[in-house]
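S.K.: Below: one structure in structure tokens.
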Amino acid sequence: MSKVAALQAIADEIVKDNVCPELASGATQLVFAEGSPNADIVFIGEAPGKNEDQQGLPFVGAAGKFLNEMLESIGLKREDVYITNIVKYRPPNNRDPEPEEKKAFWPYLMRQL
16 MSKVAALQAI
26 ADEIVKDNVC
36 PELASGATQL
46 VFAEGSPNAD
56 IVFIGEAPGK
66 NEDQQGLPFV
76 GAAGKFLNEM
86 LESIGLKRED
96 VYITNIVKYR
106 PPNNRDPEPE
116 EKKAFWPYLM
126 RQL
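Using our numbering, read the sequence shown as starting at 16 and increasing by one per residue.
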């Protein structure tokens with residue numbers, strides 16, 4: 016199985032396993048990852064925010080703009096790195112994820128990496 020297929024299987028499994036159903040029910044969609052699955056550099060955030068939830072991609076709001084500028088300053092693009100979050104659904108009102116929410120997604124993140 017290719018890395019892309021393996022990552023898609025993990026994303027599908029998160030949905031199938033109904034990980035953090037209270038977060039999933041309040042989110043627009045799963046925000047899994049973006050970039051190259053073969054990248055040597057990985058950026059991991061805590062959880063998606065409002066913009067990420069709407070677009071389905073990690074780090075697209077203000078933090079994403081900063082990340083893009085930082086990458087550009089060292090000659091890289093988003094496609095050159097792998098970007099994800101520990102928690103894959105937006106917490107209500109952009110609150111910080113609870114420890115148990117992080118714990119629920121941790122095994123999936125470890126497999127992602």
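By construction, the Cβ of each residue, glycine as well, lies at the ideal position given by its N, Cα and C atoms.
1) Any contact between the stretch 71-82 and the stretch 48-62? By contact I mean 3 or more CB pairs, one from each, below 8 Å.
2) Which class does asparagine 108 belong to by DSSP, given the choice of helix, strand or coil?
3) Is DSSP giving alanine 24 helix, strand or coil here?
4) Based on DSSP bridge pairs, tell me the residues matched to valine 57.
5) Hey, how far is the Cα of glycine 50 from the Cα of leucine 22?
6) Buried or exposed for lysine 92, going by 16 or more other Cβ atoms inside 10 Å?
7) So for glutamate 49, helix, strand or coil by DSSP?
8) Reducing DSSP to helix, strand and coil, say where leucine 128 ends up.
9) May I ask which residues mark the beginning and end of the alpha helix (DSSP H) holding aspartate 68?
10) Whole angstroms are fine: how far does the CA of lysine 31 sit from the CA of aspartate 68?
11) Spatial neighbours of arginine 105 within its chain, please: CB distance less than 8 Å, with the 5 preceding and 5 following residues excluded, ordered by chain position.
12) Could you give the residue range of the alpha helix (DSSP H) that holds serine 40?
M.R.: In this structure, then:
1) yes
2) helix
3) helix
4) Tyr97
5) 12 Å
6) exposed
7) strand
8) coil
9) 65-70
10) 19 Å
11) Leu38, Gly41, Ala42, Thr43, Val46, Ala62, Pro63, Gly64, Lys65, Glu67 and Asp68
12) 36-41
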